[in-house]
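First residue of the sequence shown? That's 98 in the working numbering, and the numbers climb one at a time after it.
Positions of the beta carbon are idealized from the N, C-alpha and C atoms, including for glycine.
Please read all numbers here as calculations on a predicted model, not as lab measurements.
As structure tokens, the structure follows; a few thoughts come after it.
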Amino acid sequence: MRILAAMSGGVDSAVAAARAVEAGHDVVGVHLALSRAGGTLRTGSRGCCTIEDALDARRAADVLGIPFYVWDFSERFRDDVIEDFIAEYQAGRTPNPCMRCNEKIKFAALLERAIELGFDAVCTGHYATLIDGEQGLELHRASDNAKDQSYVLGVLTAEQLAHTYFPLGTTPSKAIVRAEAESRGLSVAQKPDSHDICFIPDGDTRGWLAEKVGTATGEIVDRSGEVVGSHEGAHAFTVGQRRGLKLGIPAPDGKPRFVLEVRPVSNTVVVGPKEALAIAEIAGERFSWAGAAPTESAFECHVQIRAHAEPVPARATVSDTGVRVVPDVPLDGVAPGQTAVLYVGTRVLGQFTIDTTVSAVPVGA
98 MRILAAMSGG VDSAVAAARA VEAGHDVVGV HLALSRAGGT LRTGSRGCCT IEDALDARRA
158 ADVLGIPFYV WDFSERFRDD VIEDFIAEYQ AGRTPNPCMR CNEKIKFAAL LERAIELGFD
218 AVCTGHYATL IDGEQGLELH RASDNAKDQS YVLGVLTAEQ LAHTYFPLGT TPSKAIVRAE
278 AESRGLSVAQ KPDSHDICFI PDGDTRGWLA EKVGTATGEI VDRSGEVVGS HEGAHAFTVG
338 QRRGLKLGIP APDGKPRFVL EVRPVSNTVV VGPKEALAIA EIAGERFSWA GAAPTESAFE
398 CHVQIRAHAE PVPARATVSD TGVRVVPDVP LDGVAPGQTA VLYVGTRVLG QFTIDTTVSA
458 VPVGA
């Protein structure tokens, strides 16, 4: 196949490209420039898509002996990922920018251009596997559960999966990937993984949002509506947050309070006991299937609400208006805007953006 290898400058994408070359494919490397004012250097695992990363990707391509290009996707990234991130917070939701980047950039914009140029597939260093099932191609978890990235790939459609290539999915551990990079003479063999939001490399999401959307004083209230504090912008709070609330009135039982809800229209933050973070039901209107859609409108599955969260047994119901999921045990600290990925065994069935939640603890209970 003609393969376009997305090379981030990290060890995973470098080894993935190397394996594509070794498998006999015609491989071209590409690094995506996602900012026209990118930082020069990373700090350990902070940040990515820097000038240093682009140079690391080029050096890896040179070692592999493949053509290499840098493509400017900064405008698309700004519009589809950064602006979406800001808008979601302003709407009182907690977005996942990595999901949007996979959906809009790596497997939409990049894949579209790759197909236009005659490539058969885009190769990435994600840890996930593709299996030919009875109803077509299926997306499954990676062999290494600790590195499994199928959650952040849950936004991919059947058409996109047909043009993807994940050479690392069956690798038993990340240590094997690093050792392979070392043996191949790739300088990124021991390069730290990036864990932070790439466009907020210092990790200060609250400060970054304050610069982008400004501050606006509002009230912090408990579940009964009593004012217990104030804040300078509801966008700075996320469901489940405990630190930094600066409440003026302690809870009657003296226990810590947590953010339960963010109401952007009234610029209000609702707090309450930890028990109230338990969620008995989630639902969303925006959904997609990673391959063949379920044949039943209601079915048993597992739901995962964060990249590294434990999947929870649940029952899902699908209708024309969206997906509703009732977990067997309450979910903890779910926020609108998060992505819920549905699994059947190791297979990724699909995903939806959480719009509404129902607390397992009624007000006054």
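- [ ] Provide the residue span of the beta strand (DSSP E) that contains Pro424, from first to last.
- [x] Taking the first residue of the sequence shown as 1, we reach residue 424 at position 327. Per DSSP, Pro424 is one residue of the beta strand (DSSP E) stretching across 419-424.
- [ ] Let me know if Tyr166 comes out buried or exposed under the rule of 16 or more other beta-carbons within 10 Å of its beta-carbon.
- [x] Position 69 of the sequence shown, counted from the start, is the residue given in the question as residue 166. Under this definition Tyr166 is an exposed residue.
Open item on the list: Using only CA atoms, which one of Lys288, Gly351, Ala333, Gly215 lies nearest to Glu308?
Closed with: Position 211 of the sequence shown, counted from the first residue, corresponds to residue 308. The candidate whose alpha carbon is nearest that of Glu308 is Ala333.
Task: Proximity winner among Met98, Gly369, Phe216, Ser247, relative to Pro459 (alpha-carbon distances) - done: To locate residue 459, count along the sequence shown from 1; it is residue 362. If we check each option's Cα against that of Pro459, Gly369 comes out closest.
Task: Nearest candidate by alpha-carbon position, reference Gly315, set Phe296, Ala331, Leu344 - done: Sequence index remark: in the sequence shown, residue 315 carries index 218 (1-based). Answer by Cα proximity: Ala331.
Task: Beta-bridge partners of Tyr166, as assigned by DSSP - done: The count along the sequence shown starts at 1 and reaches residue 166 at position 69. Bridge partners of Tyr166: Val127.
Task: Buried or exposed (CB count within 10 angstroms, at least 16 for buried), Asp301 - done: Within the sequence shown, the letter at position 204 stands for residue 301. Asp301 should be labelled exposed.
Task: Contacting residues, own chain, Cβ-Cβ under 8 Å from Thr418 (five flanking each side not counted) - done: Taking the sequence shown and counting its residues from 1, the one referred to as residue 418 is at position 321. Setting aside the 5 residues that flank it on each side, Thr418 is surrounded in the same chain by Glu382, each with a C-beta closer than 8 Å to its C-beta; the list follows chain order.
Task: Rounded separation between Gly345 and Gly326 - CA only - done: Against the sequence shown, residue 345 aligns to sequence position 248. Against the sequence shown, residue 326 aligns to sequence position 229. Roughly 5 Å between the two C-alpha positions.
- [ ] Taking the CB atoms as reference points, tell me whether Ala154 and Gly106 lie closer together than 9 Å.
- [x] Here residue 154 corresponds to residue number 57 of the sequence shown, with the count starting at 1. Here residue 106 corresponds to residue number 9 of the sequence shown, with the count starting at 1. Yes, these two residues count as a Cβ contact at 9 Å.
Task: beta strand (DSSP E) runs wholly inside the segment 370-418, at least 3 long, in chain order - done: 375-381, 384-386, 395-401, 409-416
- [ ] State buried or exposed for Lys343, treating a residue as buried only when at least 16 other CB atoms are found within 10 Å of its CB.
- [x] Within the sequence shown, the letter at position 246 stands for residue 343. Per the 10 Å Cβ criterion, exposed.
TODO: Let me know the secondary structure DSSP gives Gly337 once reduced to three states.
DONE: Residue numbering aside, residue 337 sits at position 240 when the sequence shown is read from its first letter. Of the three classes helix, strand and coil, the one that applies to Gly337 here is coil, per DSSP.
Open item on the list: Quick check: the Cα distance between Asn242 and Glu256, rounded to an integer number of angstroms?
Closed with: As a first step, residue 242 is located in the sequence shown; it is residue number 145 there, counting from the start. As a first step, residue 256 is located in the sequence shown; it is residue number 159 there, counting from the start. Computed Cα separation, rounded: 26 Å.
Open item on the list: Rounded to whole angstroms, what is the Cα-Cα separation between Ser142 and Val285?
Closed with: Here residue 142 corresponds to residue number 45 of the sequence shown, with the count starting at 1. Here residue 285 corresponds to residue number 188 of the sequence shown, with the count starting at 1. Low local confidence applies: a pLDDT of 47 at Ser142 is under 50, so the model's placement there is unreliable, and no value is given.
TODO: Can you give me the start and stop residues for the alpha helix (DSSP H) that Thr268 sits inside?
DONE: If you number the sequence shown from 1, residue 268 lands on position 171. Unbroken run through Thr268: none, as it is neither H nor E.
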